[in-house]
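Student: My questions all concern the structure below.
Chains as they are written, first to last, in the working numbering: chain F, 144 to 458; chain A, 37 to 296; chain Z, 2 to 290.
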């Protein structure tokens, strides 16, 4: 019964999100677009952190490369949007396979350091490879052409783009959720709690970690592909470790124990950022303080704390 | 004349300069229950670690059913039919008791590769999990979070997880350690019925001599990493060296306990 | 001096400086089992404190070399007492997250206090200019860095192998519970080690200050370098940290001179190469998951 209530609430939220362009201003359309894209980014991160127990500080590498892939497709090939997204996912999946191969073999501490280092390596490449990435200036000046799949949509219209993002994020999240609820997902959760036990049950834990890493990377790439046209630029900042910090903070803010936690975290994060940057430039400082406080006192996150309480009462 | 299910030749493990286990030669017969006894530090757990793949032997070989498994990683050895429990509880604390078993079953049946089924609707695995828990007598706890159940029940859950992979050879590492006398009795009876069913071969390390003599077809006595003697319980009881090195200490302890 | 000669000297320079910084990271990991993501930020703080002491307060370089690291060490004690103590008993991930949060806080604080611009610290008169060695002209400060690096190397070796404090740290690193049983006040050791690591980072910062311009991004650059050093050399290994630092120094010194286009990438490639063949680092153990 309680679960049904939660699903009903979620349905309400989605209906509300659909209605956003008609009930708010352009400003909030932009805000919600950002929340959805970063929410997907954070949810993909949580697959490897909250579910599988791997703390990566380089997740932005996949997000960023997804953005660059989309930008390059739009600039050089002018293919439909959907194809660009598929390419973003493919390229980031490949990168995740390469980086993951080096990293999942190692324990948590090494994993954290290495993902940071490899992420920054990708950043360095993007920063220096002017001929392809235009260096620190980034790639800009691309326009959105057709959507593809026979849909005729004016993607340049923010409200239209918002709905496209909403649809894609909802579908992608549903797919990700299915993965989390599957037997595979159950094994990932088991790996987080006791990887040794899982290997003694007959499974090669490394392989499962790598698969999770690649899936997470590809969904981060998808989010990145959605981000490039939204920002109108693909720049190295999207690959920097400070960008990798965002899904970490969002997952912790919302709660790593529940699938929707990162989305809640994304909403809180974006709204906080918008508010705080309006009167100070030291947003990173506030971010750091919030992360510290959450980790020490509120480890389960906002949604996590609420849902845990909700599940406990009147059993 | 049955051939042994497990053949161990010259098995040795060295850490730095010290040999934790040296030159063990052993045959374990199909369907028998062999107990491994020895004081702490005798090398029992290191021995287990090598057989189950948790550690690489420094020397020697291990053959399971004719297949060389020396130095293979744990997941491969598990797939070949060896399953073990641990001295310190090795379960999934945040999952329910039933889910704990489901994870192992899922791995065993190959469901773990499915990315798009709904694990909670997998009735086949759920039923099998409940049956296993019933067999171990802990099915009433199936929906409890694993970390909150009693220590003794955790050990039983662990055994359920061990059996979930339908192993040929079961390694139990001090299954009754830390249990109350009642729990020990229950567990011993359970292991006996499992052993009698003829489905498994058991290797059990134990400190409790009552349990050992109740369950064992044969006993391996280890001392300082070496095999001191292997034989039937009667042979072990009467073996002079064993009495001197190990049972002698145990008997004193036992008389102290019963005397008090 | 010949091209390759000055490249090698440069490498030694950079390498030893990297060693000073990375070894602090390694020590903290060895004893506390956490990676302090804020280690680079503490290095930067050392440099900026030295800047303030030298350029604004007017102290001589030597006074700053003494006081700035002390200040950072005190800050580290406060961080440990008020923040880190909450999460020591928890999952490692929480420590990583918290030190990462500290990184953000310290980075931004430096930017707020000292501004985003570049600051410069002059080397002390004694060490300015260059010296004539074997017919070549070598910057005196480079020699100073090398001497300091070697002195710290010797001092640390002595500390760990010959003193009681060093033995205590090694004991605590091996087995925290056992150390407690032996009535070693592990709380004190933990705080002390963390502060010591911070002190080393800050010393590196003060020494580096006259060599490089100060900017709020210097902490980030150095933490990545430290990670690479520690991964190449092997986490938890003292000689490994030295080896890793020298290798990275060589990559920078030689690579920077002869392969400037891919200079930014070389350290990462070096790291990836080592990882392919020796996942534990060249001298490390137990990195496998």
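Don't be surprised by glycine CBs; every beta carbon is placed ideally from N, CA and C.
Cutting at 7 Å between CB atoms, please list the residues of its own chain near residue 354/F, excluding the five before and the five after it.
Tutor: Residue numbering aside, residue 354/F sits at position 211 when the first chain is read from its first letter. For residue 354/F, where only same-chain residues beyond five positions count, there are no Cβ hits under 7 Å.
Student: Please state if the CB of residue 235/F and the CB of residue 363/F are separated by a distance shorter than 8 Å.
Tutor: Residue numbering aside, residue 363/F sits at position 220 when the first chain is read from its first letter. Residue numbering aside, residue 235/F sits at position 92 when the first chain is read from its first letter. Result yes, Cβ atoms of residue 363/F and residue 235/F sit closer than 8 Å.
Student: Please classify residue 252/A: does DSSP put it in a helix, a strand, or coil?
Tutor: Here residue 252/A refers to the residue found at position 216 when the second chain is read from its first residue. It is coil, neither helix nor strand.
Student: Closest Cβ-Cβ distance between residue 37/Z and chain F: below 8 Å?
Tutor: Residue numbering aside, residue 37/Z sits at position 36 when the third chain is read from its first letter. With 8 Å as the cut-off, residue 37/Z does not count as an interface residue toward chain F.
Student: Would you mind telling me which residues of chain Z sit closer than 9 Å to residue 441/F, beta carbon to beta carbon, in chain order?
Tutor: Sequence index remark: in the first chain, residue 441/F carries index 298 (1-based). Within chain Z, no residue comes near residue 441/F; the closest Cβ sits about 12 Å away, beyond 9 Å.
Student: Are the beta-carbon atoms of residue 85/Z and residue 99/Z separated by less than 8 Å?
Tutor: As a working note, residue 85/Z is residue 84 in the third chain. As a working note, residue 99/Z is residue 98 in the third chain. It is a contact, given that the beta carbons lie within the stated cut-off.
Student: On the three-pair Cβ rule with 8 Å, is the region 432–444 of chain F touching the region 86–99 of chain A?
Tutor: The region 432–444 of chain F vs the region 86–99 of chain A: no contact.
Student: Counting beta carbon pairs with one atom in the region 204–216 of chain Z and one in the region 66–75 of chain Z, are three or more of them shorter than 8 Å?
Tutor: The region 66–75 of chain Z vs the region 204–216 of chain Z: in contact.
Student: Return no unless some Cβ of chain F is closer than 8 Å to the Cβ of residue 164/A.
Tutor: To locate residue 164/A, count along the second chain from 1; it is residue 128. False, the Cβ-Cβ gap to chain F never drops below 8 Å.
Student: Can you tell me the Cα-Cα spacing of residue 200/A and residue 144/A, whole angstroms?
Tutor: For the purposes of this step, residue 200/A is taken as residue 164 along the second chain, with counting starting at 1. For the purposes of this step, residue 144/A is taken as residue 108 along the second chain, with counting starting at 1. Approximately 8 Å, taken between the alpha carbons.
Student: Nearest-angstrom Cα distance between residue 267/F and residue 379/F?
Tutor: Here residue 267/F refers to the residue found at position 124 of the first chain. Here residue 379/F refers to the residue found at position 236 of the first chain. When rounded, the distance between both Cα atoms is 8 Å.
Student: Taking residue 102/A as the reference, give the member of 41/A, 118/A and 45/A with the closest Cα.
Tutor: For the purposes of this step, residue 102/A is identified with residue 66 of the second chain, where counting begins at 1. For residue 102/A, the nearest C-alpha among the options comes from 41/A.
Student: Using CA atoms only, rank isn't needed, just tell me which of 248/A, 235/A and 169/A is closest to residue 213/A.
Tutor: Here the question's residue 213/A lines up with position 177 in the second chain. If we check each option's Cα against that of residue 213/A, 248/A comes out closest.
Student: Going by other Cβ atoms of all chains shown within 10 Å of its Cβ, with 16 needed for buried, is residue 253/Z buried or exposed?
Tutor: Counting from 1 along the third chain, the entry for residue 253/Z is found at position 252. Buried, since its Cβ has 16 or more Cβ neighbours within 10 Å.
Student: Is residue 280/Z close to chain F? Criterion is C-beta to C-beta, closer than 8 Å.
Tutor: As a working mapping, residue 280/Z is identified with position 279 in the third chain. Output row for residue 280/Z: interface = yes.
Student: Could you give the first and the last residue of the continuous alpha helix (DSSP H) run that contains residue 317/F?
Tutor: Looking up residue 317/F in the first chain gives position 174. It spans 301–324 - the alpha helix (DSSP H) in which residue 317/F sits, taken as one unbroken run.
Student: Going along chain F in order, which residues have a C-beta closer than 8 Å to the C-beta of residue 219/Z?
Tutor: Working through the third chain from its first residue, we reach residue 219/Z at position 218. Residues of chain F passing the Cβ test: none, with the nearest at roughly 14 Å.
Student: For a cutoff of 8 Å on Cβ pairs, would you count residue 327/F as touching chain A?
Tutor: For this step, residue 327/F is matched to residue 184 along the first chain. Output row for residue 327/F: interface = yes.
Student: Check distances from the C-beta atoms of the region 361–372 of chain F to those of chain B and list, in chain order, the residues that come in under 9 Å.
Tutor: Protein chains in the displayed structure are F, A and Z, and chain B is not among them.
Student: Please identify the residue among 90/Z, 61/Z, 150/Z and 45/Z whose C-alpha is closest to the C-alpha of residue 191/Z.
Tutor: To locate residue 191/Z, count along the third chain from 1; it is residue 190. Per the Cα distances, 90/Z.
Student: Kindly list, in the order they appear in chain Z, the residues whose Cβ is closer than 8 Å to that of residue 245/F.
Tutor: As a working note, residue 245/F is residue 102 in the first chain. The answer, in chain order, is 273, 276 and 277.
Student: Give a yes or no on whether the C-beta atoms belonging to residue 107/Z and residue 46/Z are separated by under 8 Å.
Tutor: Translated into the one-based positions of the third chain, residue 107/Z becomes position 106. Translated into the one-based positions of the third chain, residue 46/Z becomes position 45. Against a cut-off of 8 Å, the Cβ pair of residue 46/Z and residue 107/Z comes out as a contact.
Student: Would you call the region 223–230 of chain F in contact with the region 287–301 of chain F, where contact means no fewer than 3 C-beta pairs closer than 8 Å?
Tutor: As far as the Cβ criterion goes, the region 223–230 of chain F touches the region 287–301 of chain F, which means the pair count is three or higher.
Student: Against chain A, with Cβ distances strictly below 8 Å, would residue 308/F count as a contact?
Tutor: In the first chain, the residue the question calls residue 308/F occupies position 165. So no, residue 308/F is outside the interface.
Student: Secondary structure at residue 296/A, three-state DSSP: helix, strand or coil?
Tutor: Counting from one through the second chain, the residue named residue 296/A turns up at place 260. The predicted position of residue 296/A is uncertain, since its pLDDT is 40 and thus under 50; no value can be drawn from it.
Student: Indicate the three-state DSSP secondary structure (helix, strand or coil) for residue 243/A in the structure shown.
Tutor: As a working mapping, residue 243/A is identified with position 207 in the second chain. Coil, per DSSP.
Student: List, in chain order, every chain F residue whose beta-carbon is nearer than 7 Å to that of residue 265/A.
Tutor: The residue you call residue 265/A lines up with position 229 of the second chain. Residues of chain F passing the Cβ test: none, with the nearest at roughly 30 Å.
Student: Tell me residue 224/A's beta-bridge partners as DSSP assigns them.
Tutor: Locating residue 224/A in the second chain gives position 188, counting from the first residue. Paired residues: none, contrary to the question.
Student: Quick one, which residues of the region 119–151 of chain A are near chain F if we go by CB-CB under 8 Å, in chain order?
Tutor: Residues 119, 120, 126, 127, 128, 129, 130, 131, 135, 138, 139, 140, 142, 143, 144, 147, 148, 149, 150 and 151.
Student: Is DSSP giving residue 8/Z helix, strand or coil here?
Tutor: Sequence index remark: in the third chain, residue 8/Z carries index 7 (1-based). Reduced to three states, the DSSP call for residue 8/Z is helix.
Student: Along the region 108–126 of chain Z, where does the CB come closer than 8 Å to a CB of chain F? Name the residues.
Tutor: Taking 8 Å as the Cβ-Cβ cut-off against chain F, the residues of the region 108–126 of chain Z that qualify are 108, 109, 110, 112 and 113.
Student: The beta strand (DSSP E) spanning residue 205/A covers which residue range?
Tutor: On the second chain, position 169 is the one that residue 205/A refers to. Element bounds for residue 205/A: 205–209.
Student: When the Cα atoms are used, what is the spatial distance from residue 80/Z to residue 365/F?
Tutor: Taking the third chain and counting its residues from 1, one reaches residue 80/Z at position 79. Taking the first chain and counting its residues from 1, one reaches residue 365/F at position 222. In a straight line, the C-alpha of residue 80/Z is about 39 Å away from that of residue 365/F.
Student: Give me the Cα-Cα distance between residue 66/A and residue 361/F, rounded to the nearest whole angstrom.
Tutor: Taking the second chain and counting its residues from 1, one reaches residue 66/A at position 30. Taking the first chain and counting its residues from 1, one reaches residue 361/F at position 218. Between residue 66/A and residue 361/F, the C-alpha separation is close to 49 Å.
Student: DSSP three-state call for residue 275/Z: helix, strand or coil?
Tutor: Numbered from 1 along the third chain, position 274 holds the residue referred to as residue 275/Z. Here residue 275/Z sits in helix by DSSP.
Student: Can you tell me whether DSSP reads residue 78/A as helix, strand or coil?
Tutor: Counted from its first residue, the second chain places residue 78/A at position 42. Correct three-state label for residue 78/A: coil.
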